[in-house]
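Heads up: the structure comes next, in structure tokens.
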Amino acid sequence: MYIKYKEIFEILALFAPLKLREAIRETGMKLKIRQNLEYISKNKKQVIKGLRDKIKSGKKLNVAFFIYDETKWKCQSIYDLMEESEYFTPHIFVTKNCAPGFNFNYQRPETLHQVYNFFENKNMRVEYAYDFEKNEFIPFKDMNPRPDIIYYCHPWYIYKTQGPVITSEYALTYYSSYSVPSSMGEQEWYLRFHQYIETQYVLNDITKNYFSSKMDNKGVNLKTVGHPILDYFYINKDKVYENKNYVIYAPHFSVDDNTTLKWGTFLQMGDTMLEWAKNHPEFNWVFKPHPCLRGYLRNKNLWSEDRVQKYWDDWAKIGQVYESGDYLDMFMESKAMITDCGSFKTEYFMTQKPQIFPKSEHGMPYSPGVEKINETCYIVKTPQELTDTLNEVLVKGNDYKKEERKKVYQDCGYENNYAAKNILDDIKRTLGIN
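Here's what the structure looks like:
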């Protein structure tokens, strides 16, 4: 019956006035979402029964971590804990995102080899979920092993046969954001994906309550557990690190009005930052751009390919360009960070080292938790303020916000939370595992 409704709505939309056309399509989309949610709900009971029967028979459940960008891999603690479990066998499923060719997120199939090698070099179980010869996505149900649980590491550009609606036929689906939520923007909760996923794990109750107030499903699938990326600091709290004198410049990609966040200050600050770094070889420089920055500059014709390449090459001459997903050791071995990236605010804050924050005048407001962290940063709004602050904090060593950071750190409550354990405990409860 729904397919007939959908066809009617599409036909009506073709001939209706613009405003009515938009209303008709919105109604059609709501019907589609409702139908998919009913379909997912119908599948759930049978899937759980099947997984419980598998466990009772003494078999482990295959867990697939879905990923197409290793820089967004933030679930190592969950993978490792599942590796130790008697109930789960974790795998990495590497697949291509399905962004179209004109999109700055477009991904060529050959780049997946880099992602695959990242996990293979860590001696993890990794399989391709993309057929290079046929240039097509492999439905997860046809993968060997077929997953019983799918843990999504990205909420967008997911091909339909690998998405939570179809995979709900045979697997439970879970998700946690690859970034520590830094804004209350709709990109964190408004996608159909966010409603279709069985369980979305979030950082804290503040985040959960806000998302719930905005989501059409009232956040019934949200659960507070902490964030897996912060588990690193819990697991390594007694580790002794070498001071390698790294100073990290990590600019965000949202550099113009075509983005929602508008946090990026690279166009205003990037050249100043590079020139200052060239004049201060006493520091070990690391350029760690957001994974989308390079493609965004070219795709939006903000910089030419030659200019982008020269800028990246100039950083490589005085330090290192670091675009890998493993960076928390480097954070702990560093001296300071200069960044306007939202997620890094919380991640780097855990090191208790100084952050210099080039702040955009037009950026989206941050979440309450990140705003507290922002207050402990050295905020700069112009290239001159950036230069002055670099001289004061790095050259003179006047870290006058150190005590303020300590106080907020003690109040934040992140240090003793183990998100991976909370997540596994929740999954086991769903499956009736004591």
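Heads up: the sequence shown begins at 1031 in the numbering used here, then just goes up one per residue. C-beta: ideal position from N, C-alpha, C; glycine also.
Asked, Found
"Close beta carbons around Leu1297, own chain, < 8 angstroms, minus the five adjacent residues each side", "Val1285, Asp1286 and Leu1332"
"Cβ pair Ile1180, Pro1194 closer than 9 angstroms", "yes"
"For Gly1080, three-class secondary structure by DSSP", "helix"
"Nonlocal neighbours in the same chain, by C-beta distance under 6 angstroms from Glu1218, ignoring five residues either side", "Pro1211"
"Range covered by the alpha helix (DSSP H) that runs through Tyr1396", "No alpha helix (DSSP H) contains Tyr1396, which DSSP labels as neither H nor E."
"Glu1157 and Asn1174 closer than 9 angstroms at C-beta", "yes"
"Beta-carbon contacts of Gln1350 that lie in its chain and below 6 angstroms, excluding the five residues immediately before and after", "Val1316"
"Any C-beta of chain B under 9 angstroms from that of Asn1147", "The chain labelled as chain B is not found in the depicted structure, where only one protein chain is given."
"The region 1344-1363 contacting the region 1302-1315, beta-carbon criterion three pairs below 8 angstroms", "yes"
"Helix, strand or coil at Lys1318 according to DSSP, with G and I counted as helix", "coil"
"Collapsed DSSP secondary structure at His1257 in the structure displayed", "coil"
"Ile1188 to Thr1460 span [Cα, whole Å]", "25 angstroms"
"Contacting residues, own chain, Cβ-Cβ under 7 angstroms from Cys1510 (five flanking each side not counted)", "Because the chain here runs from 1031 to 1464, residue 1510 falls outside it and cannot be looked at."
"Cβ-based burial, Met1112 [other Cβ within 10 Å; buried from 16]", "buried"
"Cβ contact (3+ pairs, closer than 8 angstroms) linking the region 1263-1276 and the region 1420-1435", "no"
"Residue burial classification, Pro1120 (beta-carbon count within 10 angstroms, cutoff 16)", "buried"
"Start and end residues, beta strand (DSSP E) containing Ile1188", "Neither: Ile1188 is in no beta strand (DSSP E) and is coded neither H nor E."
"Between the CA atoms of Met1059 and Met1031 - distance to the nearest angstrom", "At Met1031, the pLDDT of 39 sits below 50, so the modelled position is not reliable; the number obtained from the coordinates is stated separately. Taking the straight line joining both Cα atoms gives about 15 angstroms."
"Beta strand (DSSP E) runs contained entirely in the region 1369-1420, provided each spans 3 or more residues", "1385-1388 and 1408-1410"
"9 angstroms Cβ cutoff met for Tyr1396 and Lys1375", "yes"
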